[in-house]
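Just below is one structure, and these are the notes that go with it.
Number of protein chains: 2
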Amino acid sequence: MPTGFSSSDGTDLLRAEETVRARIGEHDFDFASLAAVSNVFRVANTARYRFERSVLRPYDLSFTAFTVLWVLWIWGELESRHLAAEAGITKGTLTGVVKTLERRGLVERRSHSADRRLVLVAASGDGAATMERLYSEFNREEARITQHLSAAEKQELAHHLRTILRTLELLDD
Amino acid sequence: MPTGFSSSDGTDLLRAEETVRARIGEHDFDFASLAAVSNVFRVANTARYRFERSVLRPYDLSFTAFTVLWVLWIWGELESRHLAAEAGITKGTLTGVVKTLERRGLVERRSHSADRRLVLVAASGDGAATMERLYSEFNREEARITQHLSAAEKQELAHHLRTILRTLELLDD
DNA sequence: AGGATATCGTTTGGGAGCGAACGAGTGGAG
DNA sequence: CTCCACTCGTTCGCTCCCAAACGATATCCT
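Same order as they appear, the protein sequences are chains A and B. When we follow numbering that gives the first Met the number 0, the leftmost residue of the first sequence carries the number 0, and every step to the right adds one. When we follow numbering that gives the first Met the number 0, the leftmost residue of the second sequence carries the number 0, and every step to the right adds one.
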């Protein structure tokens with residue numbers, strides 16, 4: 000249901016610009032930043048929703064569960080807190096997600112032999128096999144939603160986003 | 000805690016590229032699309048987290064509650080399902096969010112006189128006043144996280160994202 | 001050695017978030 | 001006028017998501 004906001008033609012953003020200018024004044028309002036940032040949220044929202052309903056649905060995996068499994072597939076066994084950081088969620092959230100993945104037999108947990116506070120998480124054989132099939136489809140879908148961008152434009156997009164990412168890290172008060 | 004993945008230098012993406020190529024083969028793998036799409040998710044995740052902890056925290060508003068209030072601020076009174084679509088959430092989720100906003104006195108609900116199935120939602124005086132102060136800060140933060148992008152680059156970024164948005168709408172099977 | 005200090009993952013409480021089922025209300029077909 | 005199909009917002013069950021508090025473990029200091 001959440002198509003993620005209404006229109007992509009910019010109608011709503013223009014309306015927003017009018018309203019905001021009228022209410023908080025010309026100064027103190029950076030429209031270019033609004034357009035850039037709000038579109039990031041819109042695309043992320045809409046794309047996430049689409050991925051969950053298309054490629055992820057048959058596997059009964061949430062986007063987050065997929066992300067966690069993907070990270071493990073790429074990096075191999077990881078300590079909990081690193082896995083959480085890599086997946087972009089808190090350790091508290093990870094506990095629940097890993098519990099879900101473990102219940103489905105896609106992931107295995109074991110405790111560190113030397114430091115018993117640590118918990119190591121790894122994809123199971125099933126988990127890896129699943130990702131091998133699933134990620135092909137996922138990547139095809141990534142290509143599908145970006146099909147109207149040239150390779151150069153995709154690179155440009157990724158580059159600008161990495162610039163923001165770097166800024167966010169520096170701002171990390 | 001979720002800084003949103005580890006590094007913005009592309010280290011992890013390179014690692015991902017290696018692994019994926021090794022496991023699903025050269026063909027059937029579009030790295031440019033992976034880089035573009037995954038960075039959208041990373042930025043959205045990290046930025047959302049930052050907004051919630053900086054500008055939104057003092058107002059005790061979640062990112063979604065802020066979005067809903069913002070939409071009402073821009074568009075005025077809206078029917079529930081349109082508000083949900085505009086905010087990018089399902090109507091079921093909206094019921095809960097509006098309940099929260101209503102409890103805080105930022106929003107008002109009334110039923111349509113002609114069609115009694117409909118519920119109309121609008122920002123209250125308090126809600127509008129709150130947004131007037133809050134959005135100034137929010138927009139400043141949008142500018143801050145995009146500070147290393149020129150105006151032209153922000154426009155380029157927004158443009159590419161809108162291209163994806165348009166594709167997502169067309170793909171809407 | 002032993003007590004403060006720090007760090008780990010888990011738990012808890014509360015707000016999102018979805019799909020599906022639901023009751024109330026509308027409007028069309030006969 | 002009365003079924004019937006449709007649409008509205010709410011509710012329900014489940015997963016995610018965070019901050020904060022917690023118990024267990026490790027380390028540092030003297």
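The beta-carbon is built from N, C-alpha and C at its ideal position, and this holds for glycine as well.
request  = Kindly indicate which three-state DSSP category residue 122/B falls into: helix, strand or coil?
outcome  = strand
Indicate whether at least one CB of chain A lies closer than 8 Å to the CB of residue 99/B. no
CB-CB under 7 Å to residue 99/A, same chain, minus the five flanking residues each way: which ones, in chain order?
64
Any idea what DSSP makes of residue 112/B, helix, strand or coil? coil
Rounded separation between residue 134/A and residue 31/B - CA only: 15 Å
**Message:** Counting beta carbon pairs with one atom in the segment 66 to 81 of chain B and one in the segment 65 to 85 of chain A, are three or more of them shorter than 8 Å?
**Reply:** no
* Counting pairs of beta carbons, one from the segment 143 to 156 of chain A and one from the segment 88 to 98 of chain A, are three or more of them closer than 8 Å? -> no
- Can you check whether the CB of residue 21/B is closer than 8 Å to the CB of residue 68/B? no
- [ ] Report the residues of the segment 78 to 105 of chain A with a CB closer than 9 Å to any CB of chain B, ordered along the chain.
- [x] 80, 81, 83, 84, 85, 86, 87, 88, 89, 90, 91 and 92
TODO: Measure the alpha-carbon distance for residue 101/A versus residue 15/A and round it to whole angstroms.
DONE: 45 Å
Practice item. With a 10 Å radius around its C-beta and 16 neighbouring C-beta atoms as the bar for buried, classify residue 37/A as buried or exposed. Key: buried
Checklist line | Segments of 3+ residues assigned as beta strand (DSSP E) that fall wholly inside the segment 30 to 81 of chain A | finding: none
Next item on the list: Using alpha carbons as the reference points, say which of 62/B, 138/B and 85/B lies closest to residue 27/A.
Entry: 138/B
* Asked: Between 17/A, 125/A and 70/A, which lies nearest to residue 88/A when the distance is taken from Cα to Cα?
  -> 70/A
Which value, in whole angstroms, describes the spacing of the CA atoms of residue 165/A and residue 165/B?
28 Å
Review point. What is the DSSP secondary structure of residue 25/A, counted as helix, strand or coil?
Key: coil
Fill in: Limits of the unbroken alpha helix (DSSP H) element including residue 161/A
150 to 170
message = For residue 152/B, which residues in the same chain have their Cβ closer than 7 Å to its Cβ, ignoring the five residues on either side in sequence?
response = none
- What's the C-alpha gap between residue 110/A and residue 75/A? 15 Å
Distance check for residue 118/B and residue 46/B, CA to CA, integer angstroms please.
32 Å
Measure the alpha-carbon distance for residue 178/B versus residue 112/A and round it to whole angstroms. Outside the displayed range of chain B (0 to 172) lies residue 178/B, so it cannot be described from this structure.
Item to complete: Using a Cβ cut-off of 8 Å, pull out every chain B residue sitting near residue 10/A, in sequence order please.
Response: Residues of chain B passing the Cβ test: none, with the nearest at roughly 11 Å.
I'd like to know whether the C-beta of residue 56/B is nearer than 8 Å to at least one C-beta of chain A.
no
**Prompt:** Taking the Cβ atom as the reference point for each residue, do residue 35/B and residue 157/A lie within a distance shorter than 8 Å?
**Reply:** yes
- Out of curiosity, what's the CA-to-CA distance linking residue 59/A and residue 49/A? 14 Å
Self-check item: Proximity below 8 Å, CB of residue 129/A to CB of residue 167/A
Solution: no
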